[in-house]
Structure formats: C-alpha cells, structure tokens
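Worksheet: the structure to be examined is printed underneath.
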Amino acid sequence: MTGRIIKLISNKWTVEHNKKYYECSCVGKFRYQKASPIVGDIVEFDKDNKIITSIYPRRNELIRPPVSNVDQALILVSCREPSFSSNLLDKMLVVIEYNNITPIICFTKYDLLDDTTEIDEIISYYKKIGYQVFINNEPDNIKSILKDKVSVLTGQTGVGKSSLLNKLKDDLNLKTGEISKALGRGRHTTRHVELLEIEKGLVADTPGFSSLDFVGMDKQDIKDNFTEFYANQDKCKYKDCLHLKEDGCFIKKLVEEGKIRKSRYINYKKFIESMVDKKR
C-alpha cells in the first residue's frame, strides 16, 4: 500500500493513506542501506504489520528541517525579538532555491515596530527581485497559497511559526514560546516535524533553528541562487565571473548604483568566504 509520511516521533512514522493513519516502524534493510524515511516521503507499507517497506525517489529534500517532496517554503523572518537578520534570510533563500522549492517570505512581528520605514524598504526590495512576500497579520492571504501544496514553515527559533499556524487553523492550539532575553532568540516549542492539513494542503511545522549549512553546494551554486545576480550575470565581462575581484563585473556595478541591495552583496561574499574556509 502507498502512503505519505506525515509525522515522525521517536522512530515511529505515521503514514497517511486515504485519510487513514498508520503508526509504522521500518524494515531492517534501511539501516544497512544507511537510509531512513523522513516526513514527506511517499512510501510503500504493510498496513497489517505496520511496517514501511520501501521509499519512493524524492523530488527534493531539506536537511534542516528534515522533510521531502516540498512544493514551497514559507520563510519566516522576525522584524523584532529576534531582530531581523538579512544574513539568515538570504541563506535560507539560497538553500531553498537550490533545492528547487519555491520560496515565499513572511515577515513576522511587524506590528511590534514603532517605525516600519527600514523594514518596508527591505520588503519592497525582495518583492522587486521577484519574491512573494507576506506579513504575518495577513493570514487570509497566506491561506490562499496553501491549497494542494506541500508547504514547509521554516525560520529561526522564536520567529512565530506556531503563532502563525494557530492563525491559519483555529483548532491547532500549538504551544508558543517566549523569547530568551539573554540569548535574544526563542525557546524551542516544536519538538518534531509534522505535516498538518490546512486549507486543503499539507503544512510542515518544524523545529526552529539558528544555523543553516550549504549542504552539497559549491560557490557556483551559491552565485546561481542569488536571483538578481543570475538574471544579470550575462552582462559581466567574464562568463565565469564570481562577482568578487573581477574587472568588468556588472553585478558590482549594480551594487554601486544601489540597484542591488548592499546587504545582499555583503551576505553573498560572506557565503562564498565560508565555502573557502570549509575547504581549508
């Protein structure tokens, strides 16, 4: 029988088939194959013995959070408590684009700002380069994009993923956490990955995180997944331009002219430097 894994807790996989749910374990062969089913996987399972027997090929896969076959990722970034981080947002955008998942940006805690001028400029820029952007006090607008999609909510701990999910589905009553004043980030409230049925789609509530790695990526991958860089790279003097020290770089010219946001370019250079440091 074929189903989709919708929850994983303590080596017990919940598989959904035709709105029925089966708590399953895995056959031993997965240990020898060094493979393990994750949330989102389409699997074959024995409903009588409640054992997962095989995993279908994945269309895509995220490592953190561990979820597969995702259509779109709603990236939550906080305007305040924790403070907005362009570095973390850009890193998540690059990783999600690389995995062939449609990124959608959601700014949370916008209502806590006394002055929204700076955030409004940031929102305007990301919209200009082609990203769909929401503010978390627009739950009805967010609901409209969930139908028939597998979506993942992801972002730094404390940005308000559980709060947003509670707005999207009234009966969830997910636990929300306070912000640690000492660390400047939230306490974990989500302990596992689970696909929740919301607005005729599936949405993954995932544990928060404060770091993200470019798993399996190289410098070229990072460059190609900065959308405004990729759109203009043919205008550089050199075909393999990395937009760093090369002369005749059109991307650097756009940064100097203020047409590419400086923070994006600074983050790009940091990401490239991190790849060099790893090799050392």
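In this note's numbering, the protein residues as written are 1329 to 1608.
Don't be surprised by glycine CBs; every beta carbon is placed ideally from N, CA and C.
Determine which residues share a DSSP beta bridge with residue i and list them.
i, result
"T1330", "E1372"
"P1431", "A1401"
"L1390", "V1395"
"Q1460", "I1432"
"L1523", "A1532"
"L1481", "L1402"
"T1444", "Paired residues: none, contrary to the question."
"K1342", "Sequence inspection shows Thr at residue 1342; the Lys mentioned does not correspond to that position. Beta-bridge pairing links T1342 to K1335 and E1351."
"S1452", "Answer by DSSP bridge pairing: none, since S1452 is not bridged."
"V1543", "In the DSSP output, where bridge partners are listed per residue, V1543 has none listed."
"I1379", "S1353 and D1374"
"V1367", "V1395"
Is residue i buried or exposed, if buried means 16 or more other CB atoms sit within 10 Å of its CB?
i, result
"A1363", "exposed"
"E1351", "exposed"
"T1485", "buried"
"E1584", "exposed"
"E1525", "exposed"
"G1512", "Because the pLDDT of G1512 is 39, which lies under 50, any placement of that residue in the model is unreliable, and the number read from its coordinates should be weighed accordingly. Exposed."
"T1330", "exposed"
Measure the Cβ-Cβ separation of residue i and residue j and say whether it is below 8 Å.
i, j, result
"T1342", "K1348", "no"
"F1578", "K1563", "yes"
"V1371", "Y1384", "yes"
"K1375", "S1353", "no"
"S1602", "A1532", "no"
"L1404", "G1488", "yes"
"V1355", "P1394", "no"
"N1560", "S1414", "no"
"L1570", "K1590", "no"
"K1528", "D1468", "no"
"I1450", "L1402", "no"
"I1576", "K1565", "First, the residue type needs correcting, since residue 1576 is Gly and not Ile in the sequence shown. Yes."
Would you mind giving the Cβ-Cβ distance between residue i and residue j, rounded to the nearest angstrom? I have them listed as a contact below 8 Å.
i, j, result
"L1492", "L1481", "7 Å"
"V1521", "I1391", "Actually they are not in contact, since the Cβ atoms of V1521 and I1391 sit about 12 Å apart, beyond 8 Å."
"T1381", "Q1400", "That belief does not hold up - the Cβ atoms of T1381 and Q1400 are roughly 30 Å apart, past 8 Å."
Within 8 Å, do at least three Cβ pairs link the stretch 1437-1447 to the stretch 1381-1396?
No, they do not touch.
At least 3 beta-carbon pairs within less than 8 Å: the stretch 1551-1567 vs the stretch 1491-1500
The stretch 1551-1567 is not in contact with the stretch 1491-1500.
Would you be able to state if there are at least three C-beta pairs under 8 Å between the stretch 1406-1413 and the stretch 1422-1432?
In the pairwise beta carbon analysis, the stretch 1422-1432 is classified as not touching the stretch 1406-1413: fewer than three pairs are separated by under 8 Å.
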